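Peer 1: Just passing along the structure, written as structure tokens.
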Amino acid sequence: MLDLKFIRENVETVKEGIRKKNVNVDLDALLGLDAQRRELLKEVEQLKALKNSTSKDVGRAKAKGEDFEAIAAQMKQVSQKIKEIDQQVEQIADNMRGLLLRIPNLPEKSVPVGGEKANKTIKEWGKKKTFDFKPSAHWDLCEKLDIADFKRAVKVSGTGFVVFKGQGALLERALINFMIDTHVRDNGYTEIMPPYLSNEKAMTGTGQLPNLKDDMYCLKEDGYYLIPTGEVPVTNLYSDEILKADELPIYHVAHTACFRREAGSYGKETRGMKRVHQFDKVELVKFTTAETSYDEHEKLLNNAEMILQKLNLPYRVRILASGDMSFAAAKCYDLEVYSPGNDEYLEVSSCSNFEDFQSRRAHIRYKSKEGKTAFVHTLNASGLALPRTFIAILENYQTKDGKIEVPEVLRPYMNGLAFIG
RNA sequence: GGAGAGGUGGCCGAGCGGCCGAAGGCGACGGUUUGCUAAACCGUUGUACGGGCUAAUACUCGUACCGAGGGUUCAAAUCCCUCCCUCUCCGCCA
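If you're matching positions, the first sequence starts at 17 in our numbering and goes up one per residue.
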């Protein structure tokens, strides 16, 4: 959420930012309501001032035993009028909130302007492996090795789900533990195990609601949403809190399942586990001051990259253009791992700086050394999303005889297993 | 699921119709003292919104906020209703 005062004072900047973000919102409607609200406020606050001072007079008159009936009757009318205007103000404020929550964060200066085509590769790491045979796609490997079952998943759930089995389940588990251990031991993160159901307030805090409502699974009876990412519970951990300056920066890492309806994406990437309704993810979340958030953003990216480097998987880093970034992000890098089965790059992490966009929604503040309270900056990155990392390992580490070589760093997590199959 | 207790400022905690933005304490900040630290003492210390004046987030005026929403009243932290949350006990349960 942007600061209303900032919007009022920087209308053109905000409009330009919204345009760059490729979002449609009616800023003028918001500004109109804002002006209207302030007019009414002026009026009603004068009436309230009158009411307050007169009520004190009445109290004094009563104490002295003087007559106050006439004034009291008059004030009753004033109170009635105040109630009416208050209702109008509330109505307008409500509409404003609705609009305000739909205004995206503005892109940071260094972000390239444009849509998806304007995304730029800024780094490539590792060499694409060469094979003396035709590498298979992960769905074929899964089936042959009997390590993941898509068909049976349909029976228990539906399309877009996967069942891991045997050494596949072991690999999944090993990856999770390897990632968490790396971030805790090498990168200084504190592990969190949060709930997978969160309430509407939390979902609004990080910006999933109201815009992405259709992408979320909702438990209407209880008012819960299944989290689409660990970002939601972990970021909202500190909602409505004032942190101390010396507590920052806070680094958290969390493994969670993630649930996404993927509404409207049927027919796209439906084969295999590239896009499923439930998947695991190890998420990194940071809380920082405004001064350090962009340095922390670079470090965060390095932390996520470290996982791919240790797994020795070739990847590239892309800086997302203004129109391709998520609603809440000010700047975002995507990490894409190379996968030879279909000769493609797969997004395994989005590394975003939200500045104070989420913290203003979720009300996460800190008290600086000078005693000022300010909104923290929040950042997050996947470190990493599991299914696509799983795919990349199968497709990059497959051998001619149909096995999967286990990356060195994972073997301790898999009881020393060197080959799957 | 049943019964009870409670939700007040950064924290603890008093207040139970007007003089309450709210005692007292803790913490934090500034100062005095001090070889340094500590202690002691003095002072300061909420947020949001709107207006005025501005270089100004400085100053000033007003309004709102004592879990949330509604009601009673000239006047509500204080009385009434609804909801939410926390705690304790009982039941059920992985």
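Ideal Cβ positions, reconstructed from N, Cα and C, are used throughout, including at glycine. Bear in mind that the values here come from a model prediction, so they are computed numbers and not experimental data.
Just the Cα atoms here: how many angstroms apart are Thr251 and Met209?
Peer 2: 12 Å
Peer 1: On a Cα-Cα basis, can you pick out the residue from Asn38, Asn203 and Ala45 that is closest to Glu132?
Peer 2: Looking from the CA of Glu132, the closest CA among Asn38, Asn203 and Ala45 belongs to Asn38.
Peer 1: To the nearest whole angstrom, what separates the beta carbons of Ala440 and Phe370, a pair I think is in contact under 8 Å?
Peer 2: No statement about residue 440 is possible, as the shown extent of the chain runs from 17 to 437 and does not include it.
Peer 1: Mind pulling the alpha helix (DSSP H) runs of 4 or more residues that sit fully within the segment 69-131?
Peer 2: 85-116
Peer 1: Could you have a look at Arg451 and say whether DSSP puts it in helix, strand or coil?
Peer 2: With the chain running from 17 to 437 in the structure shown, residue 451 is simply not present.
Peer 1: Between the C-alpha atoms of Thr175 and Gly288, what's the straight-line distance to the nearest angstrom?
Peer 2: Distance between Thr175 and Gly288, taken at the CA atoms: about 10 Å.
Peer 1: Which residue's Cα is closest to the Cα of Ser258: Glu424, His393, Asp83 and Lys416?
Peer 2: In the sequence under discussion, the amino acid at residue 258 is Ile, which differs from the Ser named in the question. Nearest Cα to Ile258 within the set Glu424, His393, Asp83 and Lys416: His393.
Peer 1: Among Thr305, Glu360, Gly81 and Leu317, which has the Cα closest to the Cα of Ser384?
Peer 2: Thr305
Peer 1: So, helix, strand or coil for His199, using DSSP?
Peer 2: helix
Peer 1: With a CB to CB cut of under 6 Å and the five nearest residues on each side skipped, what residues in its chain are close to Asn203?
Peer 2: Asn319
Peer 1: Which runs of the beta strand (DSSP E) spanning at least 3 residues fall entirely within the segment 322-363, listed in chain order?
Peer 2: 331-335 and 347-355
Peer 1: Would you identify the three-state DSSP class for Gly443, choosing helix, strand or coil?
Peer 2: Only positions 17 to 437 of the chain appear in the structure, and residue 443 is not among them; the question remains open.
Peer 1: Which residues mark the beginning and the end of the alpha helix (DSSP H) in which Val250 is found?
Peer 2: Glu247 to Asn252
Peer 1: Among the candidates Gly182, Gly357 and Pro423, whose CA atom is the shortest distance from the CA of Ile323?
Peer 2: Pro423
Peer 1: Would you kindly report the start and end of the unbroken alpha helix (DSSP H) that includes Val23?
Peer 2: At residue 23 the sequence reads Ile, which differs from the Val that was named. Element bounds for Ile23: Leu20 to Glu25.
Peer 1: Hey, Arg276 and Pro226: beta-carbon distance below 7 Å or not?
Peer 2: no
Peer 1: Going by DSSP, name the residue or residues bridged to Glu421.
Peer 2: Phe435
Peer 1: Whose C-alpha, out of Val129, Ala88, Leu329 and Glu124, is nearest the C-alpha of Lys143?
Peer 2: If we check each option's Cα against that of Lys143, Leu329 comes out closest.
Peer 1: Within 10 angstroms of the Cβ of Arg377, are there 16 or more other Cβ atoms? Answer buried if so, exposed if not.
Peer 2: Arg377 is classed as buried because its beta carbon has at least 16 other beta carbons within 10 Å across all chains shown.
Peer 1: What are the boundary residues of the alpha helix (DSSP H) that Val298 is part of?
Peer 2: Premise fails: Val298 lies in the beta strand (DSSP E), Gln294 to Thr304, not in any alpha helix (DSSP H).
Peer 1: Alpha carbon to alpha carbon, what distance is there between Val292 and Arg24?
Peer 2: Between Arg24 and Val292, the C-alpha separation is close to 42 Å.
Peer 1: Measuring alpha carbon to alpha carbon, tell me which of Val179, Asn111 and Phe343 ends up nearest Pro403.
Peer 2: Val179
Peer 1: Three-state secondary structure (DSSP) at Ser309?
Peer 2: helix
Peer 1: As a quick exercise: from Leu66, Lys171, Ile196 and Ile34, pick the residue whose alpha carbon is nearest that of Gly130.
Peer 2: Of all alpha-carbon atoms in Leu66, Lys171, Ile196 and Ile34, the one lying nearest the alpha-carbon of Gly130 is that of Ile34.
Peer 1: Looking only at its own chain, which residues have a Cβ that is under 8 Å from the Cβ of Leu47, when we skip the five neighbours before and after it?
Peer 2: Ile23, Arg24 and Val27
Peer 1: If I'm right that Phe373 touches Asn121 with Cβ under 8 Å, what's the distance once you round it to whole angstroms?
Peer 2: 4 Å between Cβ atoms; contact.
Peer 1: Lys167 lies in the alpha helix (DSSP H); which residues open and close that run?
Peer 2: Phe166 to Val172
Peer 1: Assuming contact is defined by CB atoms lying nearer than 7 Å, are Phe194 and Tyr413 in contact in what I supplied?
Peer 2: Going by beta carbons, Phe194 and Tyr413 fall outside the 7 Å limit.
Peer 1: Looking only at its chain, what residues have a beta carbon closer than 7 Å to the beta carbon of Val248, apart from the 5 residues adjacent to it on each side?
Peer 2: Ser214, Ala218, Met219, Thr222 and Gln224
Peer 1: If we count the other Cβ atoms within 10 Å of its Cβ and call it buried at 16 or more, is Pro356 buried or exposed?
Peer 2: The residue is buried, with at least 16 neighbouring Cβ atoms inside 10 Å.
Peer 1: Does the distance from the CB of Leu18 to the CB of Leu410 come in under 7 Å?
Peer 2: no
Peer 1: With respect to the alpha helix (DSSP H) encompassing Leu213, which residues constitute its N-terminal and C-terminal limits?
Peer 2: Unbroken run through Leu213 is the beta strand (DSSP E), Leu213 to Asn215; no alpha helix (DSSP H).
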